[in-house]
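> Got a structure for you, questions after.
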Amino acid sequence: MLAGDLGLAVLTATATRMIGGMHLPRDLAAAAILVAAQVSVAAVFVRVYETRSRADFIKRP
1412 MLAGDLGLAV LTATATRMIG GMHLPRDLAA AAILVAAQVS VAAVFVRVYE TRSRADFIKR
1472 P
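Just so we're on the same page, our numbering is the position in the sequence shown counted from 1, plus 1411.
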């Protein structure tokens, strides 16, 4: 899941760069920060989901 998110974000940034939407290194840095934030949020979501589903599985008789 995280690899897919990261791949999609990199693909989007690359396509934007090829189209000509990113001209400055500042834009590339902003894209990198957004990718890092996206992957971090996804990692936290997966960790919380796995913890809850594991606890739910343990509680079942």
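From the three backbone atoms N, C-alpha and C, an ideal C-beta is built for every residue, glycine too. Predicted model, so just to flag it, every value in this text is computed and none were measured.
Could you give the C-beta distance for alanine 1453 and alanine 1424, rounded to a whole number, given that I count them as a contact under 8 Å?
Working through the sequence shown from its first residue, we reach residue 1453 at position 42. Working through the sequence shown from its first residue, we reach residue 1424 at position 13. Rounded, the Cβ-Cβ distance is 16 Å, inconsistent with contact.
> On the three-state DSSP scale, how would you describe glycine 1431?
Your numbering for residue 1431 matches position 20 in the sequence shown. Residue state, collapsed to three classes: coil.
> Would you check if the distance between the CB atom of leucine 1417 and the CB atom of valine 1450 is smaller than 8 Å?
Locating residue 1417 in the sequence shown gives position 6, where the first residue counts as 1. Locating residue 1450 in the sequence shown gives position 39, where the first residue counts as 1. Yes. Within cutoff.
> Which term fits alanine 1420, buried or exposed, when burial requires 16 or more other beta carbons within 10 angstroms of its beta carbon?
Here residue 1420 corresponds to residue number 9 of the sequence shown, with the count starting at 1. Per the 10 Å Cβ criterion, buried.
> Out of curiosity, what's the CA-to-CA distance linking leucine 1435 and alanine 1448?
For the purposes of this step, residue 1435 is taken as the residue at position 24 of the sequence shown. For the purposes of this step, residue 1448 is taken as the residue at position 37 of the sequence shown. Whole-angstrom Cα-Cα distance: 20 Å.
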